[in-house]
Amino acid sequence: MPGVKAAQLWPKSKEDLTKQLDDLKNELVTLRVQKIAGGASSKLTKIHDVRKSIARTLTILNSKQRQQLRLFYKAKKYTPLDLRAKKTRAIRRRLNKHEASLKTEKAKKKATYFPKRKFAIKA
2 MPGVKAAQLW PKSKEDLTKQ LDDLKNELVT LRVQKIAGGA SSKLTKIHDV
52 RKSIARTLTI LNSKQRQQLR LFYKAKKYTP LDLRAKKTRA IRRRLNKHEA
102 SLKTEKAKKK ATYFPKRKFA IKA
């Protein structure tokens, strides 16, 4: 059974998470020392759970930080590359809707001087 569940970590503040992370790292150090000293096998299996708990805590810390950065850069003109939508390389290089809808001067003149002809059809 994992020591820390992600659902318990989400509501916590950054300070609480960093404090918990320090506690988990200290616990891991003591468990590793006990492993070298020849501790019980139950302590050895706990190393796995503590490592996974550290990973969960770091994951939530990083995702919260990224959420804050997304809010910060929301109104800005440019966002950092790692906060932009990944998609695919081809999609990122594709023209956006505005650029694709633009017409050249020649195409505009052609459209005005030679409009599509309308025919009256007998019903």
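Here our numbering is used: the first residue of the sequence shown is 2, the next is one more, and so on. Just so you know, even glycine gets a beta-carbon here, dropped at the ideal spot from N, CA and C.
Counting other Cβ atoms within 10 Å of its Cβ, I37 stays below 16 and is therefore classed as exposed. Around the Cβ of S102, a 10 Å sphere holds fewer than 16 other Cβ atoms; the residue is exposed. Contact between the segment 4-11 and the segment 49-69 is present: three or more C-beta pairs spanning the two stretches fall below 8 Å. Inclusion of L70 and L18 in the CB contact set at 7 Å is not warranted, their separation being larger than that value. Inclusion of L32 and K44 in the CB contact set at 7 Å is warranted, their separation being smaller than that value. Rounded to the nearest angstrom, the gap between the Cα atoms of A86 and S14 is 27 Å. Judged by DSSP secondary structure, I122 falls outside any alpha helix (DSSP H); it is assigned neither H nor E.
When the five nearest sequence neighbours on each side are left out, the beta carbons in the same chain lying within less than 7 Å of the beta carbon of L25 are those of V51, S54, I55 and T58, in order along the chain.
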